[in-house]
Every structure is written in structure tokens, then in C-alpha cells.
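Chains as they are written, first to last, in the numbering used here: chain P, 3 to 242; chain U, 3 to 242; chain C, 3 to 242; chain A, 3 to 242.
Cβ atoms here follow ideal geometry from the backbone N, Cα and C, with glycine treated the same way.
Quick notes on the structure that follows.
Number of protein chains: 4
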Amino acid sequence: MRMSPPALPRRAAAEFIGTASLVAVIVGSGIRADSLSQDIGVRLLANAAASALGLGLLIALIGPLSGAHFNPVVTLSEWWSRRPGGGGREVLAYIGAQLAGAVAGALLAEAMFGRAPGAWATEPRSALHLLLGEAVATAGLVLVVQGLRHIGRPGLAPVAVAGYIGAAIWFTSSGSFANPAATLGRAFSDSFTGIAPGSVPSYAAAQLLGMLLGMVLAGVLYGTRGPSGEPKSPDPRRTG
Amino acid sequence: MRMSPPALPRRAAAEFIGTASLVAVIVGSGIRADSLSQDIGVRLLANAAASALGLGLLIALIGPLSGAHFNPVVTLSEWWSRRPGGGGREVLAYIGAQLAGAVAGALLAEAMFGRAPGAWATEPRSALHLLLGEAVATAGLVLVVQGLRHIGRPGLAPVAVAGYIGAAIWFTSSGSFANPAATLGRAFSDSFTGIAPGSVPSYAAAQLLGMLLGMVLAGVLYGTRGPSGEPKSPDPRRTG
Amino acid sequence: MRMSPPALPRRAAAEFIGTASLVAVIVGSGIRADSLSQDIGVRLLANAAASALGLGLLIALIGPLSGAHFNPVVTLSEWWSRRPGGGGREVLAYIGAQLAGAVAGALLAEAMFGRAPGAWATEPRSALHLLLGEAVATAGLVLVVQGLRHIGRPGLAPVAVAGYIGAAIWFTSSGSFANPAATLGRAFSDSFTGIAPGSVPSYAAAQLLGMLLGMVLAGVLYGTRGPSGEPKSPDPRRTG
Amino acid sequence: MRMSPPALPRRAAAEFIGTASLVAVIVGSGIRADSLSQDIGVRLLANAAASALGLGLLIALIGPLSGAHFNPVVTLSEWWSRRPGGGGREVLAYIGAQLAGAVAGALLAEAMFGRAPGAWATEPRSALHLLLGEAVATAGLVLVVQGLRHIGRPGLAPVAVAGYIGAAIWFTSSGSFANPAATLGRAFSDSFTGIAPGSVPSYAAAQLLGMLLGMVLAGVLYGTRGPSGEPKSPDPRRTG
């Protein structure tokens, strides 16, 4: 079914609700797993599974409304690869909604677990190899999103993006945040999935670098032609 | 394939069998996990996976018969969102079958594990943050069900609802019962997934509050228009 | 794609290879999990996941050849529900291939793990509540297979049957063998998934009882009409 | 969507990137799981899940470019079963790209986890029963790939091959490398998924033997006819 896309305010609201839900799932399942298991591996299995399931569902349900970015890296890379003559207002609205939503989601998770909100995360994450891991994680995410469009299967995004994040949490050293908004939100909860505020800028920088790397890799693999071999369409509304 | 819906008694029988099976899966897998693992996180991984798989299968197999509600919250929200001129008799029959089925399922699980039925659950669950968790869990469930209809994909319900419950068991503080009938049934087994009878009314109240919250969120996201942009249809039999 | 079904000897060979592969997966993953994890819950998670994945793949790959029964209970219930005027030779060939395949698969698993074949399993499984669990497990399996045909979705069998077994391993007390051939094979390996030879007859009897219960339940839910509401077809070759 | 296949250099680049990504996922998730969990079973659950998800995604995204072999066994068996009059240059280019990619992927994983590259794996894997396990694992992989073509469902490869590997890691004794290129790459990381260089030739030999066994089994099951019963097509470009 194809719905005509809603107006920008409603799409921004969808990004806010979606990003808040996503971060509540990530942070909440981390807190719960941390309290239930003695084994860090079991905690991360539960946290990764819940995060992947939640992300996939949110993409399926909100994709037809806003495209279900929930992530400034996705918004920027989609904007760039569609090369519209403009769109800056939309990009700003999306990113603003994502950042606000991520913070709201972290605070909701804190409240659900009876924790006093307001404590900053204390886990530092800034070693060089973690930043390499985070750049790899984000490059892979961008490659998945771009690749699905190039092979003409954007409808697989809920399963593919969720599966990718579930795997990347395990195969990278950094926990695969791969999302500057979620990174900011996770600074607002001193728990299993937290990140110290001082490490947020390094993570965000690594994520933007990873985004560029992912765009380059997609170009190497798929070339500059769009799906089905036509020259790339400038249409800014080509959605799946 | 589209089958003509069966008569109300057969649909109520389907709700009874489906709800009994669902609660037997939830309670039984909880008892088994509790007896096999030393780690509460591992127990909940197994219990959540079995519950989600069982729920998804039951929705697929019984959906064409009764709609596969198995849950008064789903019956009430579906009834409300379709705004039929009547239907009260159907609602009462469904909810009665769900409550009876939930108790029967819990007793079947007890018998399968050689436990003497009749012991009430002893786990109290009434802290305020647990009730917030339960309201969030139920709001999300309603949003998934309503959202699938609004985006025109009700056929995804087996996978989407199962995946949602599997995630919500982890990201909420309350265990995500999200179902007043299953909550009642779980009071009949003093085991891993039990809830003390005294906490049942608070949980049910939080679930009804969550249902309203989910309806409001669905309205914010999808508006009052039905799928494909037509004004909402009053047809009480629009099934997927 | 619809292939014309192969001749009976080739179909029996497919049942032999499929059942041997299935039992090798079940027994092998049990041996490996038992040797790697300290926690019985973790062992069963791995064993259940590998068994479900293997079963689903084998149904998908061998279904177009023989129907992918791998299980006398499925062969008998399919034969009964299609009410062909005959078919006894086919039923005997299938069940013989399944029993031989199950033993071969258990011996292959023993060899892969460097164990001297020939030791009988020593785990007794004959308590009354285990037999109730096994009857429930088998009833559910039959209900899934019959239900998929009645709702007109037999193509979902790989996912649905695999998901069912993965869940039933957890929600029943008996381990959900639900298959007299696999039960016999598992007596040939004294390991995590074994069953003492003396308990095999009770398990098989409980499975046959469960089969009848599943047929009755399917009749209650779906009536005696075939898919799409036509009277039940006597065609013995209606496959999905 | 059907894209015309790219030229050989681009396809070889796709095999390089895909194999590197696959080995980085396998080795990286093994290092991370090893560092987080106390229980070897939990480590292997995480490692197997991440490897299966990564493999499935890579097959989906790179399949339309190069066929997504990532594995000399797959390249050789596909080449053989299509019986083209030539193709040797393509086979060499693919295998070269796979071997180089596997080594690059292992080194990337080492770097992501802040480990000094250059240490050879020390885990010996050459006991006879392990080689039997590896032959069984590879035979099953070839049977899955060949079987999907024979039943006319090559589009299921991402899910089926990923699910197969996820199961085979558990049901075989050898860890189911089933891939000479990945086996070479895993010699370059002294970690959870490593293999001592001295065991690489035995594993590769067992894998080639398993490949032959898988071709024979596919012949027994499906005969020499192609899908839909036509005589086997000599077309070297029949892709799904």
C-alpha cells in the first residue's frame, strides 16, 4: 500500500515517537538484563535481541509515515544520496526530533525501572579501537540501507536493518551505537548501555566518518546507477 | 485465502483454545526454564522466546477463525476502533472465553509438570514503576495492532505481535503481561511467571490505561483516516 | 514451482535422508551443547535453536519430494485426514524409512563426536506427567500441520513447524520429542537428548494418543470442511 | 528485480568485500563473546547468531552482484553443476578474491579489538572425528545451495544458508567452518574462532571431500533434472 506522505510536522512527530521508543527499548532492556543475569554475555544477548526486534518493528510501523530514520546518519545519507535541490529544512526537523526523542526515551526507561532520572552515564568509551569499531558499525549500517535501495528491495529494511544491528552489537568492539541521536540519549542513563557524556563527541565523529566510508563502499559495490540500471533518479521522494 | 467467519460460538471456542494454549506456553516454559537454569537472565530468554513463538503461531492458525485476540485489551480496542453499532454480545463472549481459557491453560501447565494445582502465585507486582511499565507495554501492543491496520499490513500480525511481546518482556520493568486474561491465569500458578492475586487488579488497571494511551498514540501517528487514505470505514468485519 | 511427485522408492529415500539428518542435528547439537556449557538452560537453548533451524530447512528442501514427514505421527495423520482409498504401502514405506533413518542419524552424530557407537541411552523418561507433556506436544504438532492446511497456508510449514518444535521443547515437561522415529533414534545415543530404551514404548504410546487428540482439536476448530469452505476433498495428492 | 551481472572485476571486488565482511563478523563476534561471557555455550550462541545474521545479510546484498559465494566450495560446486564450457578464469578470480578477503577481514577484526595483528591462531583442529564433522558440515551446505536451485527457490538463499550455518555450528563437532577461505582467514587471529595454520590443510581437504559428498547427495535426492522437470540447462548464468 502506498500512502501519500504526511506533512513535515507529522513526519517529525513520527521521528520523535519512533526514536524515543527505540531508545527506551535499548536502555530499558539493558537495565533489565543487567539486573537479571550474572553473565555479561547473557545480558548482551538479551539486550541485542530486544533492541533488534524493537528497531525492526518501529521501521515497519513508522516507515510509511516518515521513512523511519530515527538516526541523523540515516537522514544525512538519504538526503545526500537523493541529491534533492534543497531539503535542508526537512533535515533539520528530522535531526531535532531525533535528538529530543532519544533523550525522552532514555528518561522513560529510567522511570519505568524506578530510577531517579538525572544521573549521567559514567562509562567512558573513547579508546581508538572503539572508535574504529564504531566507524565500521556505521559504515555497515549505511551500506545496508543504500544496498537495499540499489538492489530494489527497500521493503526488506525492517528485517535487514534489525538483523544488521543485532549482529553488529556483537562483531564490533564499540557496541554498535551507529546513531548520534541514540548516543546522546544513552548519556542520560547510567546503566548497561550508557556512555559518558565526554565520549559522545568522539563517538558522533566516528559515526560521521563511518557514514562517509559506507557511502564510498556503496559506490564501489553498486556504482552510481540506481536500481534496474537506470541513471540515478533525482526524485527526492523515492521511497520503498 | 478468505474464509467466511464462523458463527460466534465457534469463534468463542477458538478464543478459549487459543488463550488456554498461550497461557500454557507462557507458564509451562517459565516452569521449565526455572528448573533448568541457574541464571535468571537465561530463564527469561527461554521463557520470552517460547512465549513469542507460541503467540505468533496461535495468531497465524486461529486468526482466520476468530481474529486471534486472546486478550480483552485487544478485543476492546478492536471493538472501539471499528465503532460498530453494537457488538456488545460478541465482546462479552470473547472476554469470557479468554478468562476461562487463561485459567485452564495455567492448570494444564501445572499438570504437565506434575505440580498439584491450586496454589496461588505469591509474587507481588504492584510497585508504581511496575505499573508504569505495564501501561507502556500495553500501549505498545495496541499501537502495533492498530498500526498494522493503518499501514495496510494486518497479515504481518503473527510476526509483529510475537516480536513485540518478545522485546517488551525485556524492555519493560513489569514483564509485559499486557493482557488481563493472561494476568488472571498467571495468578493460578506459583511459578516463574506468576503474579499474586492481590496484584491482579492493579495490573489490569494499568493495562486498560495503557490501552487508552496506545489508542491516543495511534491517533497522533496515523490520524483518523483508515488505510489508503479513505475516511475510516465503519465496517465491523474488516479483517486481514 | 510444482514438481510432479517422484516415485515411491525415491520418496522413501528422501524420508530416510531427511529423518537421518534431523536426528543427527538433534543428537549432535545436544552432545555439543552438553560439552560446552555449564548451565542446562543454555544447553537446551542451543539444542532447541539448532533443532528448529535444521527441521525447518529439511522441510523446505525435502517437502517438494516426499512431503517431508520425518515422523510416523505426521504420516499417519496425513494419511487419515486425506482418507485415500488405500495408501497402506506408502505408509509402511515411509515409516520404515523414518525408523531406519533415525537410527542412522543418531549413529552419525555419535561418530562425529568421536564416541564409540553402541551405548544405549540411560535417561529414563516415563513419569506420568512427562507422558502428559508428550501427548500435549504431539497434539500441538498435529494441530499445526492440520491447521496450516485448513487455513490454506501449507507453504508456511517450514517456519511454523520449526517454530512450534522450538517452543514445545520449552513449554512441555517432556522435551517434546513428538515423533516415534526420533524417539527410537535417540535411544541409540547416551547423551543430552537420549531416552532409555525402556521408556520408548510409553513415549510412543503418548505420542499416538496426542495425535488423536490433535485430530479432534483440529476438528473442533476447523470443522470437517477443507480450505476455502469446500467439502473435504478426497484427493490423496493435495500438497502445498 | 533483475540486474544485468556486472563485469568480472567488479564481481571479484564484491567477493572480496563480502568475504572480508563475513570473516570480520565471525572473528570479531568470537573475540567479543569470549571477552564477555564466562560460559563457552553462551559465547558460541552469540558467535553463531552474529555469524548467521551477517552471512544472510551479505548474501542478500551482494547476491545480485556476484552470486555471493564468499567460499571456494560454493564457487567450485556452482561451476560444476552448471557445466559451462569454460569459466576457469572466473573461478580463479573468485577464489583469489575470497582468500584475500578472508585474510583482510580477520586483520580488520583484530584491529577493531585493539589487538596487535600478526599472531597466528594456536588452536589445533585435526582429530579425525573433527574432520568427519567438517565434511558433514560442508556436504550439508552444498546440499542446501543445490537443493534451493532444484526446488526452484534460490531466492531463499539468504535465510536458508544463514539458518543452516547457525545450526551446523552446533550440530557438528568441528564448528562448521565449511569454507576454505574463511578457514585460512581464521588462522590469522589467535582467538575464539581461530584454527592453527597446521590444521588448515586437513580442514580444507575435509571440506572438498564434503563438497563431493554433497553433490552426490543432491543427485540422489533431486536426480539430474533441473527445476520444473526440464533436462538440466547448460546456461552458465542461471541465477536467482
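Chain P residues whose Cβ lies nearer than 9 Å to that of residue i
i               : result
Asp1 (chain A)  : Outside the displayed range of chain A (3 to 242) lies residue 1 (chain A), so it cannot be described from this structure.
Leu59 (chain U) : Within chain P, no residue comes near Leu59 (chain U); the closest Cβ sits about 17 Å away, beyond 9 Å.
Gly89 (chain U) : None at all; the shortest Cβ gap to chain P is about 26 Å.
C-beta contact flag for residue i and residue j at 7 Å
i                : j                : result
Gln209 (chain A) : Val27 (chain A)  : no
Ser201 (chain A) : Ser128 (chain A) : yes
Val25 (chain C)  : Gly187 (chain C) : yes
Gly30 (chain A)  : Phe173 (chain P) : yes
Glu112 (chain A) : Pro119 (chain A) : yes
Arg151 (chain U) : Ser68 (chain U)  : no
Thr185 (chain P) : Phe194 (chain P) : no
Gly135 (chain U) : Met114 (chain P) : yes
Ala99 (chain U)  : Phe18 (chain U)  : yes
Tyr166 (chain C) : Val146 (chain C) : yes
Gly2 (chain U)   : Ala95 (chain U)  : Since the first and last residues shown for chain U are 3 and 242, residue 2 (chain U) lies out of range.
Ala123 (chain P) : Ile197 (chain P) : yes
Pro160 (chain C) : Ile42 (chain C)  : no
Thr140 (chain A) : Phe72 (chain A)  : no
Ser79 (chain U)  : His131 (chain U) : no
Ala121 (chain C) : Asp192 (chain C) : yes
Leu143 (chain A) : Ala48 (chain C)  : no
Ser204 (chain U) : Leu133 (chain U) : yes
Assigned secondary structure, residue i (DSSP; H/G/I helix, E/B strand, else coil)
i                : result
Trp81 (chain A)  : helix
Ile197 (chain P) : coil
Ala102 (chain C) : helix
Ala9 (chain P)   : coil
Phe18 (chain C)  : helix
Ser230 (chain C) : Only weak support exists for where Ser230 (chain C) lies, its pLDDT of 43 falling under 50; the coordinates are left without a value.
Arg45 (chain U)  : helix
Val146 (chain U) : helix
Ile153 (chain P) : coil
Arg117 (chain P) : coil
Gly140 (chain A) : In the sequence on display, residue 140 (chain A) carries Thr and not Gly. It is helical.
Arg127 (chain U) : coil
Gly32 (chain U)  : helix
Gly69 (chain U)  : coil
Pro177 (chain C) : Looking at the sequence shown, residue 177 (chain C) is not Pro but Gly. It is coil, neither helix nor strand.
Gly89 (chain P)  : coil
Arg4 (chain U)   : Confidence at Arg4 (chain U) is low in this model, with a pLDDT of 48, below 50, so its placement is unreliable and no value can be given for it.
Ser191 (chain C) : coil
Ser39 (chain P)  : coil
Run of the alpha helix (DSSP H) containing residue i, from where it starts to where it stops
i                : result
Leu215 (chain P) : Val202 to Tyr224
Phe173 (chain U) : Ala159 to Phe173
Pro182 (chain C) : Pro182 to Arg188
Interface residues of chain P facing residue i [CB-CB closer than 7 Å]
i               : result
Pro66 (chain A) : Ile153
Chain-ordered neighbours of residue i on chain A, where CB pairs are closer than 7 Å
i               : result
Ala26 (chain C) : Phe173
Chain-ordered neighbours of residue i on chain C, where CB pairs are closer than 8 Å
i                : result
Ile19 (chain U)  : Leu219, Val222 and Leu223
Gly165 (chain A) : Leu55, Gly58 and Leu59
Leu243 (chain A) : Residue 243 (chain A) is absent from the structure shown; chain A starts at 3 and stops at 242.
Ala123 (chain U) : By Cβ distance, chain C contributes nothing, its closest Cβ being about 18 Å from Ala123 (chain U), past 8 Å.
Interface residues of chain P facing residue i [CB-CB closer than 8 Å]
i               : result
Ser31 (chain A) : Ala169, Trp172 and Phe173
Residue i: contacting residues in chain U (beta-carbon distance under 9 Å)
i                : result
Ala129 (chain C) : Gly116
Closer than 8 Å at the beta carbon, the chain U residues around residue i
i               : result
Leu10 (chain P) : Here the premise fails: no neighbours, minimum Cβ distance about 15 Å.
Ala35 (chain P) : Gly43 and Trp172
Contact list for residue i against chain C, beta-carbon separation under 7 Å
i                : result
Ala162 (chain A) : Leu59 and Ala62
Leu47 (chain U)  : Leu47
Partner residues on chain U for residue i, Cβ-Cβ distance less than 7 Å
i               : result
Leu38 (chain P) : Ile42, Gly43 and Leu46
Ala50 (chain P) : Residues of chain U passing the Cβ test: none, with the nearest at roughly 10 Å.
Near the ligand GTP: residue i beta-carbon under 6 Å from a heavy atom
i               : result
Ala99 (chain U) : In the structure on display, the ligand GTP does not appear, and there are no ligands present to speak of.
Can you pull out the residues from the stretch 106-120 of chain A whose beta carbon lies closer than 9 Å to at least one beta carbon of chain P? Correct list: Leu110, Ala111, Ala113, Met114, Phe115, Gly116 and Arg117.
Interface residues of the stretch 130-152 of chain U facing chain P [CB-CB below 7 Å]: So the close ones are His131, Leu134, Gly135, Val138, Val146 and Gly149.
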